[in-house]
Amino acid sequence: MRFGEYLIKKGKIEESELEDALRFQREEHITLGVLAIREKALNNEQLSKILDCQREKGGLFGEIATDLGFLSKKVVDKLLILQKKKHNLIGEILVLYGAIGKEEMEEELRQFHEAAGRKK
Numbered sequence: 000m001r002f003g004e005y006l007i008k009k010g011k012i013e014e015s016e017l018e019d020a021l022r023f024q025r026e027e028h029i030t031l032g033v034l035a036i037r038e039k040a041l042n043n044e045q046l047s048k049i050l051d052c053q054r055e056k057g058g059l060f061g062e063i064a065t066d067l068g069f070l071s072k073k074v075v076d077k078l079l080i081l082q083k084k085k086h087n088l089i090g091e092i093l094v095l096y097g098a099i100g101k102e103e104m105e106e107e108l109r110q111f112h113e114a115a116g117r118k119k
């Protein structure tokens, strides 16, 4: 079970609030290609070649960029860390939207992790 579903099950948030938060999370997701351009690790032509390759053959953006010699593994790893840091967590979004208070969300998250740990 995911944290948002857990909060609904406990009656802490409404399903519509979770849907809004998930929509926000999807819309705010930054792709590795956009990050690579922002960080000046790639130019637009290189990005286009990587995306063309990805469409034709499939595969992960970072692996393709490395295979084509456009990015080193070290740079891809750095971009992945940046991407993860820029990822908005669902609990934070729900607090931002006012669906749940910060302290209550943190307590629920603690309980959620405890419950998940007991199930393993």
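Each residue of the sequence shown is one higher than the one before, counting from 0 in numbering that gives the first Met the number 0. Note that CB positions come from ideal geometry on N, CA and C, so glycine has one too.
query	result
Cβ contact check for the segment 87-95 and the segment 65-76: 3 or more pairs under 8 Å	no
Where the alpha helix (DSSP H) through K84 begins and ends	72-85
Nearest-angstrom Cα separation, counted from V33 out to E55	20 Å
Candidates Y96, Q110, Q82: closest to H28 by CA position	Q82
Residues near Y5 by beta carbon distance below 7 Å, same chain, minus five either side	F111
Cα-Cα separation, K8 to M0	10 Å
C-beta neighbour in chain C for G97, strict 8 Å	The structure shown contains no chain C; it holds only a single protein chain.
Burial state of I80, where buried means 16 or more other Cβ atoms lie within 10 Å	exposed
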